[in-house]
């Protein structure tokens, strides 16, 4: 088999593991780690769970630590265009050849694991591959994003130096629970004994669950809170330390914020990512960097400032074109939709807005539509060609949207296109050269569109 065929076979093998779905247990990944010699123990880890903002927070931290001169691994999911994006070192995705070689190293172990614990899932193989890659490349630090939940996620075999929980909200209820408390308990499952935790702004129900889990683990919590936001006014009865975010400005160029203690006070930290919610993610990341410095990592304020203004994150309020302006945003749950709506209304208040939406059927479709439709002049419904689970069809999504628009008394025009790129072209024509098109609802949809080289201009 030539090299190209070998690489394709490895990627096809990973794709074929989708049929094994998701199974909430650590038995298989623990068995894999043991057979591979526990590669996840070869490097320090920052472990990140949460509902929204995990990827952006991970990206910020990785950029800062790389700026500080460290060899930094980053594991995130899903990818947008190529699977290799999930496993990066110093911002560079793993090569096809390296990924293929690692898959071929893991694959012979699968029958033994299967005989004892059942067949590993795609994400478990991906996790094992990432850990092995980071160990072989001797990273100084790995930033590991949880795939789903936390407690039973395959990444939860690490012993991190720092755990992070970004804002928790309702998502993946079929697997994580029907209440915010149940979902928060799954996220809090990454908390380890006497390991510090940085926690983004939380609703009181989620905060109480996280605080209880941290207390049981004797883990100090650093709560990041936004000044004057009353819905996050829960206080830790065990006196966890608080870092306060003071947003200064957010506009079409990015944003600026102050961060007060508990370790240091930093003023006028600038970021280039768009949207007020990115100030929250950056504040969480900055707090993490302060704690990493306390833990002995050679990182300082200058590294944070320099890295934050250079950090990009494709598919997250990502402006990819002008005239009309085209924005790609991976919002696929209620909290993400609320952040997207706020950004669209505050940054582009007077522009005609046409949304292109496609969603997986397992998501909170009605709730997301209810949030976003009021800020849209027109909606073009479509469906991602692929995804972890089946998408809702374009015609079904349009029917739901029309029903919601009628009940809300909205005049939003609604149509549908099965083909995602045709839906985008329809939206661009409807927006006109001075309007705005926003693609949202699924990162799988965004990845599909980004494969078209004509999209960015």
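Residue numbers (our numbering): 1433 to 1889. All residues carry an ideal CB built from backbone N, CA and C; glycine is no exception. Keep in mind it's a predicted model, so treat the numbers as computed, not measured.
Listed in chain order, the non-local C-beta contacts of residue 1560 below 6 angstroms within the same chain comprise 1464, 1538, local neighbours out to five positions each way being set aside.
The residue among 1712, 1799, 1717, 1788 with its C-alpha nearest the C-alpha of residue 1851 is 1788. Out of 1558, 1733, 1543, the CA that lies nearest to the CA of residue 1507 is found in 1558.
By alpha-carbon distance to residue 1625, the top candidate from 1526, 1645, 1677, 1636 is 1645. DSSP places residue 1555 inside the alpha helix (DSSP H), whose first and last residues are 1554-1568. Secondary structure within the region 1629-1706: the alpha helix (DSSP H) runs of 4 or more consecutive residues, fully enclosed, are 1636-1648 (chain order). For residue 1586, no beta strand (DSSP E) run applies, since DSSP gives it neither H nor E.
Boundaries for residue 1623: no alpha helix (DSSP H) harbours it, and the DSSP string shows neither H nor E there. Apart from sequence neighbours up to five positions away, the residues of its chain that approach residue 1516 with a beta-carbon distance below 8 angstroms are 1525, 1526, 1527, 1528, 1531, ordered along the chain. Between residue 1672 and residue 1621, the C-beta spacing is not below 8 angstroms. Contact between residue 1873 and residue 1756 fails: their C-beta atoms lie close to 19 angstroms from each other, not under 8 angstroms. When the Cα atoms are used, residue 1617 and residue 1771 turn out to be separated by approximately 24 angstroms. Around residue 1862, the same chain offers 1786, 1810 as residues with beta carbons nearer than 6 angstroms, after the five sequence neighbours per side are excluded. By the CB criterion at 8 angstroms, residue 1713 and residue 1627 fall outside the cutoff. Just so you know, the alpha carbons of residue 1568 and residue 1680 end up roughly 43 angstroms apart. Here residue 1650 has 1625, 1626 as same chain residues with Cβ atoms under 7 angstroms from its own Cβ, once five neighbours each way along the sequence are excluded. Taking the CA atoms as reference points, residue 1578 sits about 26 angstroms from residue 1686.
Assignment of residue 1849 by DSSP, reduced to helix, strand and coil, places it in the coil class. Residue 1653 is not a Cβ neighbour of residue 1638, given a cutoff of 8 angstroms. With at least 16 other beta carbons inside 10 angstroms of its own, residue 1657 counts as buried.
One thing to note: residue 1519 has its Cβ no nearer than 8 angstroms to the Cβ of residue 1547. Burial state of residue 1588 is buried, judged by a 10 Å Cβ sphere holding 16 or more other Cβ atoms. In this structure, the straight-line span from the alpha carbon of residue 1690 to that of residue 1480 is close to 23 angstroms.
Under the three-state reduction of DSSP, residue 1476 is assigned to coil, being neither helix nor strand. Under the DSSP definition of a beta bridge, residue 1785 partners with 1868.
Residue 1711 is a Cβ neighbour of residue 1703, given a cutoff of 8 angstroms. Across the structure, residue 1823 and residue 1683 are spaced so that their CA atoms are roughly 33 angstroms apart. The continuous stretches of alpha helix (DSSP H) do not include residue 1883, and DSSP gives it neither H nor E.
About 16 angstroms separates the beta carbon of residue 1601 from that of residue 1707, a gap too long to meet the 8 angstroms contact definition.
Judged by DSSP in its simplified three-state form, residue 1811 adopts strand. Restricting attention to 1794, 1790, 1841, 1808, the CA atom closest to the CA of residue 1781 is found in 1808.
Per DSSP, reduced to three states, the secondary structure at residue 1727 is coil, with no helix or strand assignment. In the DSSP annotation of this structure, the continuous segment of the beta strand (DSSP E) that includes residue 1505 starts and ends at 1504-1507.
Between the region 1491-1511 and the region 1726-1745, the count of Cβ pairs shorter than 8 angstroms is three or higher; the stretches touch.
When beta bridges are read from the DSSP output, residue 1828 appears opposite no residue.
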